[in-house]
Every structure is written in structure tokens, then in C-alpha cells.
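Per this note's numbering: the sequence shown ends with 507, consecutive numbering throughout.
Cβ coordinates follow ideal geometry from the N, Cα and C atoms, glycine included.
Below is one structure, written out as C-alpha cells; the observations come after it.
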Amino acid sequence: VEQATQRVIEQRDQGWDLLKIHPGLSLAEYQALAKTARDSDMDFAGHVPSDVGLENALKEGQRTIDHMDGYLEYVDALNQPITKQELAKLVELTKKYDVGVVPTQALWSTLIGAEDPQELAQYPELALVPESVREGWLGYYKQPSMGYFNQDQAKVQQQNRQQLLKALHDADANIIFGTDAPQLFSVPGYSIHHEIRKMEQAGIPLDAIYYYATVAAGEYFSEQDTFGLIKAGHRADFMLLSENPLDSAQALKEPLGVMIRGQWLSRGDIDKKLAEIRAAYQ
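Rendered as C-alpha cells:
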């Protein structure tokens, strides 16, 4: 407990403004961390340690629950179909504490073993990561290195996660888009397309997905930055597309150009940089 308290103080004194929660904390350690963070006006967010549990994390004021961690465990729905009553209970808790939820559906489907490893191996963007990283990812399904791997019940678990995401969306919960790149098979940039696909499959309309990735994300960081909207005074971040992305998310995959913090990158600029990265990792 003393170590947890001291660690928060150290991070605060170094100028950090967010604590990332990982698995492994006891309830007492978590509560000490949370109290010190609140006293220091620091946000804490991330995983829900198994000894803490979802409701305790919400009561202590965790700002976001990443990966919907702790949700299915709370209603014992990791290995069996979730019920409407259980979904309603989880939605009610989420709304009561107004917590942000970062689903990371594509990553988690891969981590738990619900994806086809042969399809994952065909991702063209794998050419954009170092060979050692690529080989580690390709070997994951043969030698899982994450405790979340649950291949026997992975399909059920992923279906439950999709139903939960849809229920949270339908209830206007505070959903924030994220991919957890560069985690397993989540290449920065490209991972966005896989996450959009998963969210669409859950029944989330494209306009809502884009809202979660722009306005909602910008609101989360509003005290530190200004992005997520195209308006005067905001950071100049946008994409120029040849087709309407509200008709199909495929329009996002081949932008004519991208403005990043006021710097324009043409399609040619983007292709040149990608070619350099591929060549470096051959």
C-alpha cells in the first residue's frame, strides 16, 4: 500500500497527469493509489485488476475502463452467453458513474483467440513492423503469451463483448474509440480500420463510430489539447477523401491527403514514407 501511494507521488512530482492501471494490484493497493491520485488531481485509467473488480474501480473514480476490462467478469459472462438482464446491469453501472469506455474490440478478439491466425497473417500492414515483432505476433496462437487467451470459449466471449458494446451505444454511454496500437497485430493507423469493422459488426452506425473517434476523443483530452472538430482554434487535423465515409468506411483507406497539426501530406508523401518503412523492415 505504501509503495502504491509513493509511486503516485513520484509520478505526480515528475509532471505526469495520468496513471495507467494494469492488472496485478490488490484492492488495498488500488484504493491507496486512487486516493492519492484524487488528492493529487491526477486521472487514473486503464485495466480493472481482478482483485479490484468493476464496481470498486467505478466507485473509486477510474476515468476510463480500457478493453471493457472487468465487465464480463462482473456478471460471470466470460465463458457463457450474456443475458439481457446482465447487459442492463452493466449499462446501468456505466451510466451511473459516467465512466469512459474504450472497447478495443479488434485487439481483444485477437488476444482471446477468436480470430483466424491465417487471416491475421495476411494483413498487408505486417510489412510495416520489424521482423522480430512480426514473428512474435505470428507465433502468438501457437504459444499464447497473454493470460487473456481463452480459445475454447473465445467466440462466446467476443460475441458477449459485441453485445455489450451495442448496449452501451444504445444507452448513450461515454464510448471513446481506441485500438491499443501497437499491440498484437495492431499496426498504428491500420488498426483503426479493423476496429471500425468490429464496431460496425456490433451494430454501431458509422456516424457514431466517427464521433467516438473524433469528438469523444477530443473531449477526453480537452484540458490538454484541442482536436476532434474542424473549427477555428482547434488543431488542424483532417483527411481529404474521394468518397463519402458515411457510405462506406473503405473511403478512409485511401485518402487523397492528410493534414496533421497544420502540415499537409499528399498521397504521394504518404506512399513514399510507407515505402521507406517497408524497405527498412525487409
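- Taken in chain order, the whole alpha helix (DSSP H) runs of length 4 or more contained in the region 383-442 are 415-426 and 431-438.
- Per DSSP, Ala-302 is not a residue of any beta strand (DSSP E), being assigned neither H nor E.
- Ranking Ala-433, Gly-361 and Arg-503 by CA distance to the CA of Phe-402 puts Ala-433 first.
- If you draw a straight line from the Cα of Pro-349 to the Cα of Gln-228, it is about 44 Å long.
- Selection Asp-242, His-247 and Gln-236 evaluated against Val-277 yields His-247 as nearest (Cα-Cα).
- Going by DSSP, Ser-491 is part of the beta strand (DSSP E) stretching over 488-491.
- Contact between Ala-474 and Leu-431 holds: their C-beta atoms lie close to 6 Å from each other, under 8 Å.
- Boundaries of the beta strand (DSSP E) around Thr-289: 289-291.
- Look at the beta carbons and you see the region 280-300 touching the region 317-333: at least three pairs across the two are nearer than 8 Å.
- In this model, Asp-301 and Val-316 are separated by some 15 Å (Cα to Cα).
- Less than 8 Å divides the Cβ of Thr-404 from the Cβ of Glu-420.
- Taking the CA atoms as reference points, Ile-495 sits about 34 Å from Gly-240.
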